[in-house]
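Undergrad: Chains A and B are the protein sequences, given in the same order.
In this text, residue positions in the first sequence follow the numbering used here: the first is 1, and each later residue adds one.
In this text, residue positions in the second sequence follow the numbering used here: the first is 1, and each later residue adds one.
Quick reminder that beta carbons are idealized off the backbone N, C-alpha and C, glycines included.
Please read these numbers as outputs of a predicted model, since none were measured by experiment.
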Amino acid sequence: MISPFLIDMAYIVAAVLFVFGLKMLSKADTARRGNQISALGMLIALVATLLYGGLDYTYILAGLVIGGGVGLIGAKTVAMTGMPEMVALFNGTGGVASLLVGWAEFHQSSTDIAAGTLTAFSSFTLFSIFLASVIGGLTFTGSVVAWGKLSGKLPGRPLLFPGQQIFNVLLLAGVLAAGIAFSLVGDAADPLMMAKYDLYLVIVVIGLILGVLAVIGIGGADMPVVIALLNSYSGLAACATGFIIVNKVLIVSGALVGASGLILTGIMCKAMNRSLANVLFSGFGSTSSGAGKKNEGEARVITAEDAYLVLEAAGSVVFVPGYGMAVAQAQHAVRELGDMLEENGCEVKYAIHPVAGRMPGHMNVLLAEANVPYEQLVEPDDVNPIIETVDVCMVIGANDVVNPAAREDEDSPIYGMPIIDADLARTTFVLKRSLGAGYAGIGNPLFFRDNTRMLLGDAKDSVSTLVAEFKQD
Amino acid sequence: MDAQTTVFLLFILMLSVFLGIELISRVPSQLHTPLMSGSNAISGITIVGAVLSLSSGNETVTAILGTAAVAAATVNVVGGYLVTDRMLAMFRKKDQGKG
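(1) Are residue 84/B and residue 37/B close, meaning C-beta to C-beta below 8 Å?
(2) Less than 8 Å between the CB atoms is what I'm expecting for residue 47/B and residue 61/B, so what's the real figure, rounded?
(3) Would you kindly work out how many angstroms separate the C-alpha atoms of residue 235/A and residue 328/A, rounded to a whole number?
(4) Taking any Cβ of chain B, which residues in the stretch 82 to 97 of chain A have a Cβ under 9 Å from it, in chain order?
(5) If you drop the 5 nearest sequence neighbours on each side, which residues of the same chain put their C-beta closer than 6 Å to that of residue 243/A?
(6) Under the rule that 16 or more other beta-carbon atoms within 10 Å means buried, what is residue 278/A, buried or exposed?
(7) Is the beta carbon of residue 219/A less than 8 Å from the beta carbon of residue 156/A?
(8) Select from 34/A, 461/A, 375/A the residue whose C-alpha is nearest the C-alpha of residue 351/A.
(9) Span of the alpha helix (DSSP H) holding residue 123/A?
(10) Just the C-alpha distance for residue 288/A and residue 444/A, rounded to the nearest angstrom, thanks.
(11) Expressed to the nearest angstrom, what Euclidean distance is found between the alpha-carbon atoms of residue 39/B and residue 317/A?
(12) Going along the chain, which residues of the stretch 105 to 131 of chain A sit with their C-beta nearer than 7 Å to a C-beta in chain B?
(13) Checking 8 Å against the spacing of the C-beta atoms, do residue 207/A and residue 137/A come in under that value?
(14) For residue 74/B, return the contacting residues in chain A, with the cut-off set at a CB-CB distance below 7 Å.
(15) Helix, strand or coil: how does DSSP classify residue 468/A here?
(16) Determine, for residue 26/A, whether the minimum Cβ-Cβ distance to residues of chain B falls below 8 Å.
(17) Less than 8 Å between CB atoms is the rule here; does residue 192/A satisfy it with respect to chain B?
(18) Which ranges would you report for the beta strand (DSSP E) in the stretch 342 to 388 of chain A if only whole runs of at least 3 residues count?
(19) Mapping the DSSP letters down to three states, classify residue 101/B as helix, strand or coil.
(20) For residue 166/A and residue 195/A, I'd like the C-alpha separation in whole angstroms.
(21) I need the boundaries of the alpha helix (DSSP H) containing residue 111/A, first residue and last residue.
(22) What is the residue span of the beta strand (DSSP E) that residue 432/A lies within?
(23) Please classify residue 155/A: does DSSP put it in a helix, a strand, or coil?
(24) What is the C-beta distance between residue 320/A and residue 456/A, in whole angstroms, given that I count them as a contact (C-beta under 8 Å)?
(25) What separation, rounded to the nearest whole angstrom, lies between the Cα atoms of residue 291/A and residue 405/A?
(26) What is the rounded straight-line gap between the Cα of residue 416/A and the Cα of residue 410/A?
(27) Would you please verify whether the beta carbon of residue 9/B is less than 8 Å from any beta carbon of chain A?
(28) Going along the stretch 29 to 49 of chain B in order, which residues come within less than 8 Å of chain A, judged by CB to CB distance?
(29) Taking CB distances under 8 Å as the criterion, tell me whether residue 221/A reaches chain B.
(30) How big is the Cα-Cα spacing for residue 71/A and residue 95/A?
(31) Report the option in 357/A, 135/A, 7/A whose CA atom is closest to the CA atom of residue 230/A.
(32) Check the Cβ-Cβ distances between residue 84/B and every residue of chain A, and say whether any is below 8 Å.
(33) Does DSSP classify residue 413/A as helix, strand or coil?
(34) Is residue 454/A helix, strand or coil by DSSP?
(35) Contact check, residue 10/A vs residue 252/A under 8 Å by CB: the rounded distance?
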């Protein structure tokens with residue numbers, strides 16, 4: 001048993017470490033140390049909490065062991081390509097934890113009030129319980145649906161039914177009304193105490209349903225935005241939990257995560273030139289044909305041997321990776337090809353679109369895994385001004401982020417989205433499995449340009465063939 | 001909870017939100033994935049609330065809910081920090097060599 005004052009002091013230290021950790025996470029040189037500092041803050045907060053005394057340590061230990069084991073195994077075994085799914089699931093566990101804490105507090109207080117050991121709820125506490133439970137619940141189910149879409153266990157296209165948006169709005173309005181009714185304080189001896197519990201369960205169920213409905217109507221290509229937003233929600237749920245138990249470190253940390261998640265969401269939306277409302281409610285990509293001009297002309301196919309001859313003569317090459325590279329596990333082969341080209345005196349860069357892959361920054365992680373130094377990873381704004389001087393632009397499993405329709409075709413659903421201008425390079429190689437449309441279901445005129453050559457087949461096989469050609473010399 | 005505490009907590013909330021926005025607003029896109037999983041781990045701070053809900057002498061139902069909450073929050077904390085560390089360990093500069 002230790003004085004609450006010292007415990008609060010420890011919480012302040014933890015909050016300071018979170019702030020420094022987040023600050024350092026935003027620079028590549030310091031990011032790893034920043035994450036470790038943030039983890040140290042979490043350890044201090046946890047140890048301080050355990051010192052409160054009067055706690056049931058058997059249950060706590062059980063929870064820590066189970067959760068720690070699952071987290072450890074998950075974090076150690078996940079492949080880098082599966083990172084978006086993993087982060088989605090971790091979002092979900094954060095959300096469900098807040099829901100469960102809210103429920104546990106409500107249940108215990110209800111019992112105490114019935115037994116006469118606690119006088120009554122305050123409206124503020126009840127409203128906090130409501131917020132933690134609804135936000136936590138919808139974060140949980142929303143994350144599970146996002147995980148399902150990312151892992152292909154659910155169809156990636158938006159699932160919509162007639163009147164879904166009106167239904168969602170009604171559901172949201174209903175849960176808010178229920179929350180306000182729930183927050184109105186009943187007398188301690190109120191026979192309605194039981195009804196309040198029923199109302200709470202209804203609120204929990206609606207929250208869970210809301211999470212499913214909110215995400216199920218969003219296309220797979222928009223999942224990066226959804227994950228960032230759910231990340232924000234998991235922070236806000238933790239924040240609401242802090243209001244239930246009047247704990248400042250929960251409020252501070254939850255708000256930090258909530259704000260950072262919102263910023264990331266905003267960056268994602270900007271990278272796609274869409275508003276958040278458009279991402280959440282438009283059912284983007286639900287029509288597979290899509291609007292926009294018909295693709296004209298014929299795609300020119302090139303063999304790996306011919307592609308090698310062009311690459312060997314190239315003075316500068318820009319790789320544009322997309323999710324297809326992750327699927328084919330081609331990142332190591334790509335780095336090897338990049339090394340070969342550099343040895344050949346060629347300047348090599350990797351241009352990464354902010355929404356390439358299934359989550360923000362996903363391609364950077366994959367290329368880092370393959371030992372590509374991060375100085376070679378550049379953003380569209382760095383490469384677009386010089387793209388016309390680039391000899392070969394190699395598009396590997398990317399599609400929508402290099403679609404010139406975004407620049408030229410006002411009827412295209414992605415018109416206005418900032419892209420990497422791969423079509424303006426002297427030569428563009430597109431490595432692709434087939435000539436089909438991209439994840440968002442939009443046709444790509446890049447494939448039919450005069451300076452574009454299609455290198456069809458598995459991306460890893462194609463790149464490995466090119467590497468083998470270089471090695472023969 | 002009295003009104004003064006409520007105002008105090010809301011004040012903390014307001015300042016933290018602004019701090020969070022300031023901290024993250026200039027992050028390069030190459031770090032978005034680790035930043036997301038790292039901040040995700042911080043949202044596992046719910047573990048504090050989960051532990052505190054397990055006072056001895058509580059109802060069985062509360063204890064079950066609390067234990068589940070501790071487990072879920074711990075997955076978030078342990079998994080989040082470890083997976084972020086794993087990713088960031090791979091980010092390296094050119095002069096740090098390969099391998």
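TA: Walking through what the data contain:
(1) For the purposes of this step, residue 84/B is identified with residue 84 of the second sequence, where counting begins at 1. For the purposes of this step, residue 37/B is identified with residue 37 of the second sequence, where counting begins at 1. In contact: residue 84/B and residue 37/B (Cβ atoms closer than 8 Å).
(2) As a working mapping, residue 47/B is identified with position 47 in the second sequence. As a working mapping, residue 61/B is identified with position 61 in the second sequence. Not confirmed; about 20 Å, so no contact.
(3) The count along the first sequence starts at 1 and reaches residue 235/A at position 235. The count along the first sequence starts at 1 and reaches residue 328/A at position 328. Cα to Cα, residue 235/A sits roughly 34 Å from residue 328/A.
(4) 83, 84, 86, 87, 89, 90, 91, 92, 93, 94, 95, 96, 97
(5) On the first sequence, residue 243/A is found 243 positions in, with the first residue counted as 1. These residues qualify, in order along the chain: 128.
(6) Within the first sequence, the letter at position 278 stands for residue 278/A. Flag for residue 278/A reads exposed.
(7) Numbered from 1 along the first sequence, position 219 holds the residue referred to as residue 219/A. Numbered from 1 along the first sequence, position 156 holds the residue referred to as residue 156/A. Cβ distance < 8 Å, so residue 219/A and residue 156/A count as in contact.
(8) If you number the first sequence from 1, residue 351/A lands on position 351. Checked all of 34/A, 461/A, 375/A; the closest Cα to residue 351/A is 375/A.
(9) Stepping through the first sequence from its first residue, residue 123/A is reached at position 123. Residues 123 to 150.
(10) Counted from its first residue, the first sequence places residue 288/A at position 288. Counted from its first residue, the first sequence places residue 444/A at position 444. In this prediction, residue 288/A has a pLDDT of 40, which is less than 50 and means its spatial position is unreliable; nothing more can be read from the coordinates.
(11) Residue 39/B sits at position 39 when you count from the first residue of the second sequence. Residue 317/A sits at position 317 when you count from the first residue of the first sequence. Roughly 35 Å separates the two Cα atoms.
(12) Within the stretch 105 to 131 of chain A, contact with chain B at the beta-carbon level (separation under 7 Å) is assigned to 105, 107, 108, 111, 122, 124, 125.
(13) Start at 1 with the first residue of the first sequence, and residue 207/A comes out as number 207. Start at 1 with the first residue of the first sequence, and residue 137/A comes out as number 137. Yes, they are a contact pair.
(14) As a working note, residue 74/B is residue 74 in the second sequence. Here the neighbours are 63, 64, 67, 68, 71.
(15) Residue 468/A sits at position 468 when you count from the first residue of the first sequence. The answer is helix: DSSP assigns residue 468/A an H, G or I state.
(16) Here residue 26/A is taken as the residue at index 26 of the first sequence, counted from 1. Yes, contact with chain B.
(17) Counted from its first residue, the first sequence places residue 192/A at position 192. Because residue 192/A carries a pLDDT of 49, less than 50, the predicted location of this residue cannot be relied on, and no value is offered for it.
(18) 347 to 351
(19) Examination of residue 101/B is not possible in this model, given that chain B is present from 1 through 99 alone.
(20) As a first step, residue 166/A is located in the first sequence; it is residue number 166 there, counting from the start. As a first step, residue 195/A is located in the first sequence; it is residue number 195 there, counting from the start. About 28 Å.
(21) The sequence position of residue 111/A within the first sequence is 111, counting from 1. Taken as a continuous stretch (DSSP letters only), the alpha helix (DSSP H) holding residue 111/A covers 83 to 115.
(22) The count along the first sequence starts at 1 and reaches residue 432/A at position 432. Where residue 432/A is concerned, the enclosing beta strand (DSSP E) stretches over 427 to 432.
(23) Within the first sequence, numbered from 1, the residue matching residue 155/A stands at position 155. Of the three classes helix, strand and coil, the one that applies to residue 155/A here is coil, per DSSP.
(24) As a working note, residue 320/A is residue 320 in the first sequence. As a working note, residue 456/A is residue 456 in the first sequence. Not a contact, Cβ separation roughly 17 Å.
(25) By one-based count along the first sequence, residue 291/A stands at place 291. By one-based count along the first sequence, residue 405/A stands at place 405. Residue placement at residue 291/A is flagged as unreliable, the pLDDT there being 44, under the threshold of 50; the coordinate-derived value follows with that caveat. Computed Cα separation, rounded: 11 Å.
(26) Indexing the first sequence from 1 puts residue 416/A at position 416. Indexing the first sequence from 1 puts residue 410/A at position 410. C-alpha separation (whole angstroms): 8 Å.
(27) Within the second sequence, the letter at position 9 stands for residue 9/B. Yes, residue 9/B counts as interfacial toward chain A.
(28) 29, 30, 31, 32, 33, 34, 35, 36, 37, 38, 39, 40, 41, 42, 43, 44, 45, 46, 47, 48, 49
(29) Sequence index remark: in the first sequence, residue 221/A carries index 221 (1-based). It does not; no Cβ of chain B falls within 8 Å.
(30) Stepping through the first sequence from its first residue, residue 71/A is reached at position 71. Stepping through the first sequence from its first residue, residue 95/A is reached at position 95. Roughly 15 Å between the two C-alpha positions.
(31) Walking along the first sequence from the start, residue 230/A turns up at place 230. Check the Cα spacing between residue 230/A and each of 357/A, 135/A, 7/A: the tightest is with 135/A.
(32) Indexing the second sequence from 1 puts residue 84/B at position 84. Chain A contact via Cβ: present.
(33) Locating residue 413/A in the first sequence gives position 413, counting from the first residue. Correct three-state label for residue 413/A: coil.
(34) By 1-based counting over the first sequence, the position of residue 454/A is 454. Of the three classes helix, strand and coil, the one that applies to residue 454/A here is strand, per DSSP.
(35) Within the first sequence, the letter at position 10 stands for residue 10/A. Within the first sequence, the letter at position 252 stands for residue 252/A. The Cβ separation is near 13 Å, so there is no contact.
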